[in-house]
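Worksheet for the structure shown next.
Residue numbers (this note's numbering), protein chains in the order written: chain Y, 98 to 608; chain B, 74 to 273.
As structure tokens, this is what we get:
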């Protein structure tokens with residue numbers, strides 16, 4: 098944090114104050130002599146890193162109200178500079194205050210041009226500041242703080258006078274619509290409150306008459322003079338109202354309270370009050386040139402850079418803090434989720450521990466056992482078909498079996514086998530078994546082919562009674578189909594020969 | 074307010090400080106953002122882990138009885154010898170015992186080398202098959218069914234009968250060499266065993 102120093106500048110001496118924590122502390126007064134200036138230079142050398150503001154209260158000043166055309170930017174600045182040069186010839190400490198625009202069509206602007214006209218008075222001190230390389234924030238004139246003081250005191254008169262006592266002088270200001278229009282300084286010979294009260298009364302009347310003579314106010318126009326004093330009663334006794342001039346006396350302690358001073362002024366002098374106002378609410382208008390304020394501008398640039406960096410850093414840290422807080426919360430959440438997952442895993446392990454021990458995972462176990470069941474259900478034996486054939490042969494004494502070829506067909510090849518055998522047989526779902534029966538029919542010498550076929554057909558019908566079977570005749574005892582050749586000879590010889598046949602029986606395993 | 078080159082030199086330190094602060098802030102933002110992203114990824118992974126654990130627990134609860142039954146069957150198969158290396162010596166002894174017990178005639182067999190059954194393992198295990206050609210003479214077809222039943226009940230393997238061909242032997246007394254057999258049986262049987270897929 099930078100340190101601020103306020104310089105109270107009067108014609109006969111310069112007083113330095115330290116502004117710290119909202120309070121002023123006197124750091125020394127330097128007379129307007131060579132010795133005083135040397136002391137001031139030493140003082141500045143000790144406080145070369147501070148920001149200095151000068152509050153000047155000198156009689157060598159000028160105020161002049163001018164009208165300029167409605168202009169903006171460089172043109173306005175140029176015309177103001179030209180007028181300042183014309184009016185305050187050779188003055189280096191000048192400024193201007195806009196008093197608003199006329200309501201006419203041209204909208205001319207009223208400006209008050211002000212200057213601290215005694216360059217020689219300021220020069221040695223400003224040179225000392227420049228040599229010390231300290232940052233000069235600005236040179237302010239005490240009367241220009243008058244409008245601010247009245248606003249703090251709640252005064253809103255359109256026209257009024259303000260009289261205050263500083264060091265060895267009385268400052269008299271005329272304000273119109275809250276803006277300073279004129280000010281002058283009167284030396285104070287009698288420092289007693291009685292003398293001050295007399296001078297207040299006299300000088301207020303003189304100022305009112307001067308303003309009338311200048312036609313700033315009307316002859317009979319009533320105006321109030323606001324006085325800041327310590328011993329209110331004494332001042333009231335001396336300042337008697339007239340038709341055109343009335344007095345309003347503010348107790349200086351009350352004013353100090355209203356302006357926020359921590360240390361109350363011990364007497365009627367108002368330097369502390371104005372310095373406090375300068376420190377807390379410096380007016381925009383000041384008299385120093387850009388060259389004189391160069392170091393202050395450098396300081397401003399440095400402060401801006403550092404401030405911008407600090408703001409960026411703070412913003413980034415805040416954002417990063419927010420992110421880290423979110424990260425912390427997320428990590429906490431992750432811990433909870435992991436503990437829940439761990440709990441599920443422990444429950445799973447506890448449950449699995451109750452299972453019989455096996456050297457594989459549950460998934461692998463499931464697949465192995467399912468496949469085992471598949472194989473077990475798909476495996477069969479010829480016993481079932483043999484029994485069925487045996488049952489069908491009961492009562493068929495003429496049938497003699499020469500052989501049975503039994504075959505199990507696994508599920509995946511069942512359809513393929515069926516396709517290979519031809520489209521006439523419908524495929525069986527899943528694993529199946531087949532038996533091809535080779536046999537002969539021998540009915541004796543009296544039998545004829547029709548009887549042989551009847552016996553054979555009864556055998557086939559007996560097998561077909563079981564709905565699970567698909568029975569197919571592969572070879573008939575007699576081929577009487579139209580598509581095949583039929584041969585014959587001596588019936589006596591043929592009838593004695595056994596007639597061969599071939600049957601195929603199919604069944605789905607597990608049906 | 075105009076600055077010359079000398080002024081800019083005086084501003085260098087402040088500019089450097091500002092840049093340093095901005096860089097430090099940016100670094101803090103970067104690392105905090107990375108930490109945030111990392112935490113979000115970790116949370117996603119943890120959620121996935123929890124979902125997986127919950128699903129596994131839910132599944133094992135639902136299949137508890139099934140797994141217990143299958144585990145018990147697995148252990149029975151292991152005890153019986155179906156799971157593990159082939160016990161060919163036991164198979165030979167079993168065939169001899171059945172032949173003697175059932176008084177089977179002229180029992181002959183030929184067991185082929187073992188092969189992988191399904192072409193690929195089932196889980197951590199693989200089924201293997203050893204095909205056996207079996208030939209014997211039968212007094213009656215019941216001899217064959219009893220033999221197959223005994224094998225299926227006692228063998229240290231899952232027995233899968235692929236085919237059986239039974240033919241009548243010539244009826245004349247001279248053609249019957251042993252004088253007792255009526256039928257000739259030719260069978261093809263698979264001896265199925267289950268082995269750890271990692272075992273060669």
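C-beta atoms are modelled at their ideal positions from N, C-alpha and C, and glycine is treated no differently. Quick caveat: nothing in here was measured; it's all calculated off a predicted structure.
Straight-line gap, residue i to residue j (C-alpha atoms, nearest Å)
i: residue 102(Y); j: residue 117(Y); result: 9 Å
i: residue 419(Y); j: residue 106(Y); result: 51 Å
i: residue 550(Y); j: residue 575(Y); result: 7 Å
i: residue 328(Y); j: residue 361(Y); result: 14 Å
i: residue 112(Y); j: residue 126(Y); result: 4 Å
i: residue 492(Y); j: residue 203(B); result: 42 Å
i: residue 108(B); j: residue 376(Y); result: 47 Å
i: residue 238(Y); j: residue 423(Y); result: 55 Å
i: residue 283(Y); j: residue 298(Y); result: 13 Å
i: residue 466(Y); j: residue 149(B); result: 12 Å
i: residue 94(B); j: residue 395(Y); result: 20 Å
i: residue 596(Y); j: residue 220(B); result: 33 Å
i: residue 208(Y); j: residue 257(Y); result: 19 Å
i: residue 95(Y); j: residue 265(Y); result: It is not possible to answer for residue 95(Y), since the shown part of chain Y is limited to 98 through 608.
i: residue 434(Y); j: residue 425(Y); result: 14 Å
i: residue 527(Y); j: residue 241(B); result: 31 Å
i: residue 625(Y); j: residue 137(B); result: Because residue 625(Y) is not part of the residues shown, which for chain Y are 98 to 608, the question remains open.
i: residue 249(Y); j: residue 412(Y); result: 36 Å
i: residue 100(Y); j: residue 148(Y); result: 6 Å
i: residue 563(Y); j: residue 213(B); result: 25 Å
i: residue 125(B); j: residue 118(B); result: 10 Å
i: residue 260(B); j: residue 483(Y); result: 15 Å
i: residue 232(Y); j: residue 390(Y); result: 7 Å
i: residue 201(B); j: residue 208(B); result: 23 Å
i: residue 179(Y); j: residue 289(Y); result: 45 Å
i: residue 455(Y); j: residue 262(B); result: 29 Å
i: residue 277(Y); j: residue 415(Y); result: 46 Å
Residues that residue i bridges to, as DSSP identifies them
i: residue 191(Y); result: 212(Y)
i: residue 346(Y); result: 324(Y)
i: residue 154(Y); result: 107(Y)
i: residue 237(B); result: 503(Y), 260(B)
i: residue 198(Y); result: 206(Y)
i: residue 115(Y); result: 102(Y), 122(Y)
i: residue 128(Y); result: 110(Y)
i: residue 140(Y); result: For residue 140(Y), which the question treats as bridged, DSSP gives no partner whatsoever.
i: residue 267(B); result: 156(B), 200(B)
Neighbourhood of residue i by C-beta, 8 Å cutoff - its chain only, sequence neighbours within 5 removed
i: residue 167(Y); result: 198, 203, 204, 205, 206
i: residue 486(Y); result: 498, 501, 532, 534, 560, 602
i: residue 194(B); result: 270
i: residue 134(Y); result: 127, 221, 222, 225
i: residue 235(Y); result: 150, 151, 379, 383, 384, 385, 390, 393
Limits of the beta strand (DSSP E) - the one that residue i falls within
i: residue 183(B); result: 178-184
i: residue 174(Y); result: Looking at the DSSP string, residue 174(Y) is not in any beta strand (DSSP E); the run it does join, the alpha helix (DSSP H), is 170-184.
i: residue 247(Y); result: Element bounds for residue 247(Y): not the beta strand (DSSP E) but the alpha helix (DSSP H), 243-250.
i: residue 603(Y); result: 596-605
i: residue 375(Y); result: No beta strand (DSSP E) contains residue 375(Y), which is instead part of the alpha helix (DSSP H) from 368-377.
i: residue 538(Y); result: 529-538
i: residue 339(Y); result: Taken as a continuous stretch (DSSP letters only), residue 339(Y) belongs to no beta strand (DSSP E), as it is neither H nor E.
i: residue 233(Y); result: 232-238
Limits of the unbroken alpha helix (DSSP H) element including residue i
i: residue 27(B); result: Not covered by the structure: residue 27(B). The range shown for chain B is 74 to 273.
i: residue 213(B); result: No alpha helix (DSSP H) contains residue 213(B), which DSSP labels as neither H nor E.
i: residue 439(Y); result: 391-450
i: residue 330(Y); result: 329-335
i: residue 171(B); result: 161-175
7 Å CB neighbourhood of residue i in its chain, flanking five on each side removed
i: residue 157(Y); result: 213, 214, 215, 218
i: residue 341(Y); result: 305, 317, 318, 319, 320
i: residue 231(B); result: 155, 265
i: residue 477(Y); result: 505, 530, 606
Cβ-heavy atom distance, residue i to the ligand FMN, below 7 Å
i: residue 153(B); result: Absence of the ligand FMN is noted for the structure shown, with no ligands found whatsoever.
Nonlocal neighbours in the same chain, by C-beta distance under 6 Å from residue i, ignoring five residues either side
i: residue 325(Y); result: 261, 347, 349, 352, 367
i: residue 89(B); result: none
Return the chain-ordered ranges of every beta strand (DSSP E) run that is complete within the region 241-305 of chain Y and spans a minimum of 3 residues. Within the region 241-305 of chain Y, the complete beta strand (DSSP E) runs of at least 3 residues are 256-263, 266-273, 276-284.
Quick check for students: name the residue ranges of the alpha helix (DSSP H) that lie wholly in the region 446-480 of chain Y, counting only runs of 4 or more. Counting whole runs of 4 or more residues, the region 446-480 of chain Y contains the alpha helix (DSSP H) stretches 459-475.
Give, in chain order, every unbroken run of the alpha helix (DSSP H) that is at least 4 residues long and sits entirely within the region 544-577 of chain Y. Taking 4 residues as the minimum length, the alpha helix (DSSP H) runs contained wholly in the region 544-577 of chain Y are 546-561, in order along the chain.
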